[in-house]
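Shown next, in structure tokens, is the structure this report addresses.
2 protein chains.
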Amino acid sequence: MPPHRTRRRIPEATVARLPVYLQILIEQSESGIESVSSEGLAELAGVNAAKVRKDLSYLGSYGTRGVGYEVEYLVFQIRRELGLDHEWPVVIVGAGNLGQALAGYGGFNGRGFPVAGMVDVDPDKVDTVVAGVRVRPLDDLAEIVTGGDISIGVIATPAGAAQDAADRLIAAGVTSILNFAPMVLSVPSTISVRKVDLAVELQILTYHEQRKANAAPRNADGAQLHQLSGDRQRGATA
Amino acid sequence: MPPHRTRRRIPEATVARLPVYLQILIEQSESGIESVSSEGLAELAGVNAAKVRKDLSYLGSYGTRGVGYEVEYLVFQIRRELGLDHEWPVVIVGAGNLGQALAGYGGFNGRGFPVAGMVDVDPDKVDTVVAGVRVRPLDDLAEIVTGGDISIGVIATPAGAAQDAADRLIAAGVTSILNFAPMVLSVPSTISVRKVDLAVELQILTYHEQRKANAAPRNADGAQLHQLSGDRQRGATA
DNA sequence: GCGGCTTTGTGAAATCGTGCACAAGAGTTC
DNA sequence: GAACTCTTGTGCACGATTTCACAAAGCCGC
């Protein structure tokens, strides 16, 4: 059998949680903690312990009953499953405000996603250097992608330019896109897209804010408002 | 009956899609389009038409059979439901790379979320001006929040400072938090939190990348790879 | 090595979300 | 105003996800 055969498909919801577990486990590991229980991990990840166990069971039976999971080993397994056993260079399209911030942000470099290139249409931006990366003209995109064997593209353009950016990325051979433009992209079904939209996140929050306001009309005395102690819970992602 | 009574609860999945519909509808409206069908909206939003209808039906029966939905009216209704009939000032904690980018990004100002204040622990950052907003010391947080009647806080600090930032925001009276730090926050259940984590998004993409690579081993001839035309589909959020 | 304690791994039930399919309503044409 | 066309609103079945509950398994102390 090949090293790690395409084992049973992992549910999408689980895939979205694995990076969170991973991050926590890496922290634990750095703190010198060697073993963790599903209960402990659940606490830190803000989820139910049964969910942690089920999630981890998709990777295989890596726990020890009565004991828990060995942190290092779990880190290794999750990394492998997520394909993080090597670096994934990315190319950023758009060197504006957002693109520059992304390039400088620690979330890319230092987490296994080096910025292998940046491009922009604006001739004024071309040849400027952002976080150690020289901005190149949009037409160099294909060359950057094929030359660097890049499979992930990041779109940090205004909404109007996003579809064109996507088309060019795909034509160049990119197969995964992280889209920061507030715009739904049209792509072939073979391409994976994830969208991150600030305004959407905020609007989801305002929906809940508004509900809270409606539910408990403004009759002041902050009685049951923000009781900081007491029933803390991890990640009320409401 | 009060103006808009806490009508039936809207499913979380629907709430997450409403902002997307809203954005599309606003664009349509600006293009002078007055009416849209569930089919058309679904196409643009990258979802199934039945889903659009079901989602919209939670708001009420605002469509006209045989015709579709009146764009303006739908915009109005979604805005109202999301609580977007007024502005929501936000305060940003952390004036580093990310905080600065967020402040300057169009996604806040111009979308109904003016940056009412920014704070940072670093004395070197205090009193600098970012995107027209003066950075103030962390201790001014409570004053900014209460003074500006702010209910949304944005955390743009490193992971290590995020929990403290959250605690301070909550103590000051904020009830919704948008967290950009790669760290799960512990908050009371009355507080809404949404987390945006770059690394998590990228890692979800690498999982799928790795699967693609495993499924179709590297035997080159890019035969069925990226057929750009053909079966395009909106938002393959795989 | 046996009993007790702990924690995993997982069937099975409950819940949530999606998509089909179609009746019902609204406009339009003759 | 009857027949036709179009598109909404929704009951229903299905699939995905979450949660419960518990048997199986490992470790410890005696």
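First to last, the protein sequences are chains A and B.
Residue numbers for the first sequence follow our numbering, so the first one is 1 and each next one is one higher.
Residue numbers for the second sequence follow our numbering, so the first one is 1001 and each next one is one higher.
We treat Cβ as the ideally placed atom computed from N, Cα and C, and that holds for glycine.
Contact set for Glu209 of chain A: own chain, Cβ-Cβ below 8 Å, skip 5 residues either direction
Taking the first residue of the first sequence as position 1, residue 209 of chain A is located at position 209. Closer than 8 Å at Cβ, skipping near neighbours: no residue.
Is the stretch 193-203 of chain A in contact with the stretch 1088-1107 of chain B, if contact means three or more CB pairs nearer than 8 Å? Touching, yes.
| field | Contact residues within the stretch 1137-1160 of chain B, judged by C-beta distance below 9 Å to chain A | value | Within the stretch 1137-1160 of chain B, the qualifying residues are Ser1151, Ile1152, Val1154, Pro1158 and Ala1159.
query: Since Gly1083 of chain B contacts Val1036 of chain B with CB under 8 Å, what's their CB separation in whole angstroms?
result: For the purposes of this step, residue 1083 of chain B is taken as the residue at position 83 of the second sequence. For the purposes of this step, residue 1036 of chain B is taken as the residue at position 36 of the second sequence. About 23 Å separates the beta carbon of Gly1083 of chain B from that of Val1036 of chain B, a gap too long to meet the 8 Å contact definition.
Q.
On the criterion of 16 or more Cβ atoms from any shown chain inside 10 Å, does Gly125 of chain A qualify as buried, or is it exposed?
A. The count along the first sequence starts at 1 and reaches residue 125 of chain A at position 125. Checking the sequence shown, residue 125 of chain A turns out to be Lys, not Gly. Note on Lys125 of chain A: 16 or more other CB atoms within 10 angstroms of its CB, so buried under the neighbour-count rule.
- Message: Is Lys1212 of chain B close to chain A? Criterion is C-beta to C-beta, closer than 8 Å.
- Response: Within the second sequence, residue 1212 of chain B is the residue found at index 212, counting from 1. Yes, contact with chain A.
Proximal residues of chain A, C-beta to C-beta of Ala1045 of chain B below 9 Å:
By 1-based counting over the second sequence, the position of residue 1045 of chain B is 45. Near Ala1045 of chain B (Cβ distances below 9 Å), the residues of chain A are Val184.
For Pro1089 of chain B, which three-state DSSP category applies?
To locate residue 1089 of chain B, count along the second sequence from 1; it is residue 89. Looking at Pro1089 of chain B - three-state DSSP - the assignment turns out to be coil, as it is neither helix nor strand.
- Below 8 Å CB to CB, which residues in the same chain sit around Thr206 of chain A once its five sequence neighbours on both sides are set aside? The residue given as residue 206 of chain A occupies position 206 in the first sequence. So no residue of the chain qualifies.
Check your understanding: Contact between the stretch 116-132 of chain A and the stretch 1172-1185 of chain B: three or more CB pairs below 8 Å?
Key -> Verdict: no, contact absent.
| field | Residue range of the unbroken beta strand (DSSP E) whose run includes Val133 of chain A | value | Here residue 133 of chain A refers to the residue found at position 133 of the first sequence. First-last of the beta strand (DSSP E) with Val133 of chain A: Val133 to Pro137.
With a threshold of 8 Å between beta carbons, is Gly1083 of chain B in contact with chain A?
As a position in the second sequence, residue 1083 of chain B is number 83, starting the count at 1. So yes, Gly1083 of chain B belongs to the interface.
Q.
Threshold first: 3 residues or longer. Then list the beta strand (DSSP E) segments lying entirely within the stretch 1010-1075 of chain B, N to C.
A. DSSP runs (the beta strand (DSSP E)) wholly in the stretch 1010-1075 of chain B: 1068-1070.
Rounding to the nearest angstrom, what Cα-Cα distance links Val1145 of chain B and Glu72 of chain A in this structure?
Here residue 1145 of chain B refers to the residue found at position 145 of the second sequence. Here residue 72 of chain A refers to the residue found at position 72 of the first sequence. If you take the alpha carbons of Val1145 of chain B and Glu72 of chain A, they lie about 42 Å apart.
* Asked: Buried or exposed: which applies to Ser1057 of chain B, given that a residue is buried once 16 or more other Cβ atoms fall within 10 Å of its Cβ?
  -> What you label residue 1057 of chain B is simply residue 57 of the second sequence in a count that begins at 1. Label assigned to Ser1057 of chain B: exposed.
- Task: Look up Arg1211 of chain B in the DSSP assignment and give the residues it is bridged to.
- Result: Locating residue 1211 of chain B in the second sequence gives position 211, where the first residue counts as 1. In the DSSP assignment, Arg1211 of chain B forms no beta bridge with any residue.
*asked:* Please confirm whether Val200 of chain A has its beta-carbon closer than 8 Å to some beta-carbon of chain B.
replied: What you label residue 200 of chain A is simply residue 200 of the first sequence in a count that begins at 1. At least one chain B Cβ lies under 8 Å of Val200 of chain A.
So, using beta-carbon positions, are Ala1161 of chain B and Pro1182 of chain B closer together than 8 Å? The count along the second sequence starts at 1 and reaches residue 1161 of chain B at position 161. The count along the second sequence starts at 1 and reaches residue 1182 of chain B at position 182. No, the Cβ-Cβ distance between Ala1161 of chain B and Pro1182 of chain B is not below 8 Å.
Exercise. Quick one: which chain B residues come within Cβ less than 8 Å of Arg115 of chain A?
Worked result: The residue labelled residue 115 of chain A in the question sits at position 115 within the first sequence. First, the amino acid is wrong: residue 115 of chain A is Val here, not Arg. Neighbours of Val115 of chain A on chain B: none; closest Cβ ~12 Å, over 8 Å.
Note down, in chain order, each residue of its chain lying with its Cβ closer than 8 Å to the Cβ of Gly1008 of chain B, except the 5 sequence neighbours on either side. Along the second sequence, one-based indexing puts residue 1008 of chain B at 8. The question names Gly, yet the displayed sequence has Arg at residue 1008 of chain B. The residues are Tyr1058.
- request: Would you identify the three-state DSSP class for Leu178 of chain A, choosing helix, strand or coil?
  value: For this step, residue 178 of chain A is matched to residue 178 along the first sequence. Three-state DSSP puts Leu178 of chain A in a strand.
- Segment limits, alpha helix (DSSP H) that includes Ile191 of chain A: Locating residue 191 of chain A in the first sequence gives position 191, counting from the first residue. It is not in any alpha helix (DSSP H) - Ile191 of chain A carries neither H nor E in the DSSP assignment.
Determine whether the Cβ of Arg111 of chain A lies closer than 8 Å to any Cβ atom of chain B.
-> Start at 1 with the first residue of the first sequence, and residue 111 of chain A comes out as number 111. Arg111 of chain A counts as touching chain B.
What residues in its chain sit with their C-beta under 8 Å from that of Arg168 of chain A, if we drop five residues either side in the sequence?
Reading the first sequence from its first residue, position 168 is the one you call residue 168 of chain A. Cβ neighbours of Arg168 of chain A within its own chain (closer than 8 Å, five residues either side excluded): Val93, Leu138, Leu141 and Ala142.
message: So with CB distances below 7 Å, who are the chain A contacts of Ala1016 of chain B?
response: Position 16 of the second sequence, counting from 1, holds the residue named residue 1016 of chain B. The answer, in chain order, is Ile204.
Looking at Asn179 of chain A: is its Cβ nearer than 8 Å to the Cβ of Gly1104 of chain B? To locate residue 179 of chain A, count along the first sequence from 1; it is residue 179. To locate residue 1104 of chain B, count along the second sequence from 1; it is residue 104. No. Outside cutoff.
Go through its chain and collect everything with a Cβ distance to Asp1085 of chain B's Cβ below 7 Å, but skip five positions before and after it.
Stepping through the second sequence from its first residue, residue 1085 of chain B is reached at position 85. Same-chain partners within the cutoff: Arg1079.
Counterpart residues of Asp1249 of chain B in DSSP-defined beta bridges:
Outside the displayed range of chain B (1001 to 1238) lies residue 1249 of chain B, so it cannot be described from this structure.
| request: Would you grab the beta carbon distance between Ala101 of chain A and Ala1101 of chain B for me? Rounded to a whole angstrom, and I think it's under 8 Å. | output: Taking the first sequence and counting its residues from 1, one reaches residue 101 of chain A at position 101. Taking the second sequence and counting its residues from 1, one reaches residue 1101 of chain B at position 101. Yes, they are in contact, since the Cβ atoms of Ala101 of chain A and Ala1101 of chain B sit about 3 Å apart, within 8 Å.
For this session: Grab the span of the beta strand (DSSP E) containing Gly153 of chain A for me, first residue to last.
Result: Position 153 of the first sequence, counted from the first residue, corresponds to residue 153 of chain A. In the DSSP assignment, Gly153 of chain A falls within the beta strand (DSSP E) that extends over Ile152 to Ile155.
Checklist entry - Along chain B, which residues have their Cβ under 7 Å away from the Cβ of Gln23 of chain A? => result One-based indexing of the first sequence puts residue 23 of chain A at position 23. What Gln23 of chain A touches in chain B: Pro1182.
Can you list the residues of chain A that Tyr1069 of chain B reaches, using a CB-CB cut of under 8 Å?
In the second sequence, counting from the first residue as 1, residue 1069 of chain B sits at position 69. Scanning chain A for C-beta atoms nearer than 8 Å to the C-beta of Tyr1069 of chain B yields nothing, as the closest lies near 18 Å away.
| field | Under 9 Å by beta carbon: chain B residues contacting Gly94 of chain A | value | Numbered from 1 along the first sequence, position 94 holds the residue referred to as residue 94 of chain A. For Gly94 of chain A, there are no C-beta contacts with chain B under 9 Å, since the nearest C-beta of that chain is about 12 Å from it.
Name the chain A residues whose beta carbon is nearer than 7 Å to that of Pro1019 of chain B? In the second sequence, residue 1019 of chain B corresponds to position 19, counting from 1. Ordered by position in chain A, the residues that pass the 7 Å Cβ test against Pro1019 of chain B are Ala199, Val200, Gln203 and Ile204.
Identify which residue in A:Val135, A:Ser192, A:Ile155 and A:Arg53 has its Cα closest to the Cα of Thr1212 of chain B.
Position 212 of the second sequence, counted from the first residue, corresponds to residue 1212 of chain B. Note that residue 1212 of chain B is Lys in the sequence shown, not Thr. Comparing C-alpha distances from Lys1212 of chain B to each of A:Val135, A:Ser192, A:Ile155 and A:Arg53 shows the shortest one belongs to A:Ser192.
Counting C-beta neighbours from all protein chains within 10 Å, is the total for Ala1165 of chain B 16 or more, i.e. buried, or is it exposed?
Position 165 of the second sequence, counted from the first residue, corresponds to residue 1165 of chain B. Buried is the call here.
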